[in-house]
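Below is one structure, written out as structure tokens, with a few remarks after it.
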Amino acid sequence: MKSNPNVQTTGHVTSNANIFFDYNFPIETNDATTVFETLSNQDFTKDATITIAPNPAEDSVTLSAQSNINAITIFDAQGRIVQFIKADSLQKTIDVNHLKTGMYILEIQTETGKKVEKLMKK
1 MKSNPNVQTT GHVTSNANIF FDYNFPIETN DATTVFETLS NQDFTKDATI TIAPNPAEDS
61 VTLSAQSNIN AITIFDAQGR IVQFIKADSL QKTIDVNHLK TGMYILEIQT ETGKKVEKLM
121 KK
């Protein structure tokens with residue numbers, strides 16, 4: 001099977017098949033309709049004014065922003081929440097000694113938007 005490049009994101013495709021059993025005539029299946037539409041389209045405001053240093057980190061990491069940092073969520077590589085930190089400042093230092101070596105995802109919520117960044121723990 002090949003994808004049809006002409007299918008629009010709001011379109012639908014109707015298909016059926018002929019099934020052969022032994023040497024008998026084919027049996028035609030019922031029509032099946034597949035509808036293509038956008039399920040969700042959440043638009044996050046990007047905040048490119050956040051810096052994370054040092055990265056990779058050993059003991060602690062400092063986040064700095066031009067607008068107040070409200071919350072920081074740390075996810076492991078499997079998407080599980082490892083730590084949630086409430087904040088209300090332009091700069092926040094996080095102790096990462098308890099984290100195992102590896103990659104983590106930081107979700108930083110500020111007054112002006114949300115940013116997702118990678119953090120490497122040495």
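Counting in the UniProt record's numbering, the sequence shown tops out at residue 122, every number present.
Ideal Cβ positions, reconstructed from N, Cα and C, are used throughout, including at glycine.
On a predicted model such as this, the values are computed, not experimentally measured, just so you know.
Less than 8 Å between the beta carbons of isoleucine 108 and isoleucine 50, yes or no? yes
For this session: For threonine 51, write down the residues that DSSP places opposite it in a beta bridge.
Result: Ser64
I believe asparagine 70 touches threonine 110 by the beta-carbon criterion, under 8 Å. Please report the beta-carbon distance rounded to the nearest angstrom. 6 Å
For proline 26 versus asparagine 18, is the C-beta distance shorter than 8 Å?
yes
Let's test the definition: count the other Cβ atoms within 10 Å of the Cβ of lysine 121 and tell me whether it reaches 16, buried, or not, exposed.
buried
Does the Cβ-Cβ distance between glutamine 91 and threonine 73 come in under 8 Å?
no
- [ ] Report yes if the CB atom of leucine 99 is closer than 8 Å to the CB atom of isoleucine 52, and no otherwise.
- [x] no
Secondary structure of lysine 115, DSSP reduced to three states | strand
| message | Please report the straight-line C-alpha distance between serine 15 and tyrosine 23, rounded to a whole angstrom. | response | 24 Å
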